[in-house]
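There are 2 protein chains.
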Amino acid sequence: MTTSPIAHDSLVDALVNRLRDDVLARRYPAGSRLPPERDLAASYGVTRTSLKHALVRLAQAGLVETRHGVGTVVLDYRRHGGPDLLPMLLTHALGDGADDRWLTEVFEVRQEVGAVVAARAAAHRSADQADALRAQMAAVTSARDADAAQLAEAEVHRMLAAAAGNRVYELLVNSLLKAYLEVRSLFRAPFADPAVAGARLAPLVDAVCAGAPDAARTAAEAYLARTRELMLGR
Amino acid sequence: MTTSPIAHDSLVDALVNRLRDDVLARRYPAGSRLPPERDLAASYGVTRTSLKHALVRLAQAGLVETRHGVGTVVLDYRRHGGPDLLPMLLTHALGDGADDRWLTEVFEVRQEVGAVVAARAAAHRSADQADALRAQMAAVTSARDADAAQLAEAEVHRMLAAAAGNRVYELLVNSLLKAYLEVRSLFRAPFADPAVAGARLAPLVDAVCAGAPDAARTAAEAYLARTRELMLGR
DNA sequence: TTGGATCAGTGGCTCATCCACTTCGGATGA
DNA sequence: TCATCCGAAGTGGATGAGCCACTGATCCAA
């Protein structure tokens with residue numbers, strides 16, 4: 139069994155979640171100013187220092203902007219946010235927001251980007267990378283349970299991104315995978331057993347190892363479409 | 139004139155930069171533990187509170203991970219970082235690191251993702267979006283100077299992403315544009331005058347407005363390849 | 001061998017206080 | 001009348017001391 143790490147939200151984690159929801163739910167609309175830190179801290183029953191830590195994180199995510207002497211204004215995340223916002227957005231969307239289009243859109247991008255990455259990986263992978271990929275593929279099929287298979291599967295995706303020979307794709311895939319994990323922990327979605335997951339993934343890995351970009355692209359599209367169906371249940 | 143925003147790094151901004159460089163330069167290798175916050179703060183001559191704010195930002199970016207009772211460990215950004223790291227990475231790479239491959243890789247992704255977005259935009263754009271796109275296009279060519287043209291051009295890219303009908307692409311383009319701006323402010327790279335920039339961009343906008351996905355993809359590839367040549371000087 | 005207690009080291013969080021920046025309106029002087 | 005200056009109010013930035021909570025290692029007792 140994979141030991142579940144226990145969530146254990148710290149105070150500022152909770153604060154971040156709360157503020158994030160308030161912002162995304164338009165309680166504080168884009169362009170408006172948040173209440174002064176002192177007031178906000180008081181209303182949440184925390185110190186200004188802790189509140190500030192939370193605000194720093196929201197600012198880093200591109201949800202708000204704080205200016206000395208002026209205040210903290212809410213930004214339009216569609217203009218200022220990056221893919222690192224996805225976990226936050228999905229958490230919110232699957233919570234009360236009930237905007238499952240986000241889910242669809244993440245999978246859509248995953249599919250299109252995944253196809254590009256697969257094609258690149260087939261074109262650029264080294265012999266060593268092909269070997270490592272095959273080894274990891276074996277680890278997927280021989281995983282003891284769905285949890286382990288899922289982890290091994292994610293590792294295959296990382297290796298594909300690495301084989302694509304462009305580190306930006308690695309970063310991008312990291313964000314998308316993080317969004318996946320978020321969904322997964324919220325859903326506790328059912329996953330296929332290791333053997334089946336391996337069978338779905340195998341053609342993709344084979345094509346990449348064989349160095350066939352077109353076949354890899356096609357295999358990736360098929361694989362990701364199937365994954366999407368499984369996770370979205372459609 | 140566009141009012142220059144004034145850099146004005148705050149103390150924690152400076153701290154973040156310093157720590158980020160120390161981490162990326164492998165002064166603290168991935169997997170190692172940072173010194174205790176009290177020591178680190180003392181060694182940088184700041185309060186523990188300020189240092190903590192900086193660490194929170196690095197943690198949010200996926201560069202380090204802080205655990206209560208244990209310490210702060212350095213993560214491998216290629217495994218845990220997202221595209222939001224790009225500005226940081228470029229700043230570091232163009233500074234002392236001198237790893238211009240990052241620049242190349244960002245442009246490469248921009249080119250491939252841009253092609254996908256353009257094709258999607260052509261397929262999904264509404265009549266209103268086409269009109270707005272054309273209007274913004276006019277704003278590019280009639281910009282008073284290179285700065286204004288650059289801003290208007292970025293706006294076109296945002297609108298293309300919005301027209302693609304998938305908000306995840308918007309977030310992704312945000313990150314890539316932010317990386318661009320970072321490069322630009324570090325380079326003070328020369329930009330073509332508005333008319334020329336407009337001429338390069340026009341075929342792409344036309345194809346998207348005409349609703350021709352394949353033409354849009356081709357136009358986007360040509361446009362982005364040219365942009366890359368201009369900015370990288372090759 | 002196991003289980004529990006202890007302790008040192010580390011981050012989490014608070015509090016009180018002062019500094020620095022922005023804004024705006026009123027006083028001042030041409 | 002108008003422009004300019006200046007200062008008060010309000011806001012975030014930063015400090016430093018202090019206490020609490022968690023982790024991991026060690027050691028002792030069952």
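Protein chains in written order, with this note's numbering: chain A, 139 to 372; chain B, 139 to 372. Glycine is no exception: its CB is placed at the ideal position from the N, C-alpha and C atoms. Since the structure is predicted, the reported quantities are computational estimates derived from the model, not experimental observations.
- Residue ranges of uninterrupted alpha helix (DSSP H) with 4 or more members, entirely inside the region 177-262 of chain B and ordered along the chain, are 186-199, 215-218, 224-230 and 239-262.
- B/Met-275 is a Cβ neighbour of B/Gly-336, given a cutoff of 8 Å.
- Below 8 Å, too few C-beta pairs join the region 293-305 of chain A and the region 285-300 of chain B to call them touching: fewer than three.
- Judged by beta-carbon spacing, B/Ala-270 lies beyond the 8 Å limit of B/Val-278, meaning their Cβ atoms are not closer than that value.
- Counting C-beta atoms within 10 angstroms of its own C-beta, A/His-206 has fewer than 16 neighbours from the protein chains shown and is therefore classed as exposed.
- As DSSP reads the structure, A/Arg-171 sits in a beta bridge with A/Val-211.
- The C-alpha of A/Glu-203 lies about 39 Å from the C-alpha of A/Ala-257.
- Close CB contacts of B/Ala-317 within its chain, under the 7 Å cut and outside five residues either way in sequence, are with Leu-224, Pro-225, Leu-228 and Val-244 (chain order).
- The beta carbon of A/Asp-266 does not come within 8 Å of any beta carbon belonging to chain B, so the residue lies off that interface.
- Contact check for B/Asn-155 against A/Val-247 fails: the beta carbons are separated by 8 Å or more.
- Put simply, the CB of B/Tyr-307 is near chain A, with a gap under 8 Å to one of its CB atoms.
- One thing to note: A/Glu-175 has its Cβ within 8 Å of the Cβ of A/Arg-186.
- For the options B/Ala-259, B/Val-211 and B/Val-184, the alpha carbon positioned closest to that of B/Val-150 is the one of B/Val-184.
- Closest in alpha carbon position to A/Gly-220, among A/Leu-314, A/Ala-302 and A/Glu-367, is A/Leu-314.
- In this structure A/His-191 is not in contact with B/Val-334, their Cβ atoms being roughly 47 Å apart against a cut-off of 8 Å.
- Interface flag for B/Ala-273 against chain A is unset, since no Cβ pair is found closer than 8 Å.
- For the region 214-227 of chain B, the set of residues with a beta-carbon nearer than 9 Å to any beta-carbon of chain A comprises Tyr-215, Arg-216, Arg-217, His-218, Gly-219, Gly-220, Pro-221, Asp-222, Leu-223, Leu-224 and Leu-227, in chain order.
- Using a 10 angstroms sphere on the CB of A/Ala-281, the tally of other CB atoms reaches 16 or more, which defines it as buried.
- Membership of B/Ala-268 in the alpha helix (DSSP H) is indicated by the continuous run 265-279.
- Shortest Cα-Cα distance from A/His-218 to any of B/Asp-177, B/Leu-310 and B/Ala-358 involves B/Leu-310.
- Residue A/Thr-210 holds the alpha-carbon nearest to the alpha-carbon of A/Leu-172 among A/Thr-210, A/Leu-162 and A/Ala-259.
- For the region 186-200 of chain A, the residues whose beta carbon sits under 8 Å from a beta carbon of chain B are, in order, Thr-187, Lys-190, His-191, Val-194, Arg-195, Gln-198, Ala-199 and Gly-200.
- Going by DSSP, A/Asp-285 is part of the alpha helix (DSSP H) stretching over 284-301.
- Chain B has a Cβ within less than 8 Å of the Cβ of A/Glu-250.
- For A/Leu-362, none of the residues of chain B pass the 7 Å Cβ criterion, the least Cβ distance being about 14 Å.
- The beta carbon of A/Val-161 sits no closer than 8 Å to any beta carbon of chain B.
- Residues of the region 284-306 of chain A whose Cβ lies closer than 8 Å to any Cβ of chain B, in chain order: Arg-296, Ala-300, Asn-304, Arg-305 and Val-306.
- Each residue's CA atom was taken as its position, placing A/Ala-152 and A/Ala-302 some 38 Å apart.
- With a threshold of 8 Å between beta carbons, B/Ser-313 makes contact with chain A.
- Listed along the chain, the chain B residues whose CB falls inside 7 Å of the CB of A/Val-346 amount to none; the nearest CB is some 17 Å away.
- Contact between A/Asp-222 and B/Asp-266 fails: their C-beta atoms lie close to 30 Å from each other, not under 8 Å.
- Rounded to the nearest angstrom, the Cβ distance from A/Ala-260 to A/Val-346 is 5 Å, consistent with a contact under 8 Å.
- Per DSSP, the continuous alpha helix (DSSP H) segment holding A/Arg-366 begins and ends at 351-370.
- The beta-carbon distance between B/Leu-368 and B/Ala-357, rounded to whole angstroms, is 16 Å. This is too long to meet the 8 Å contact definition.
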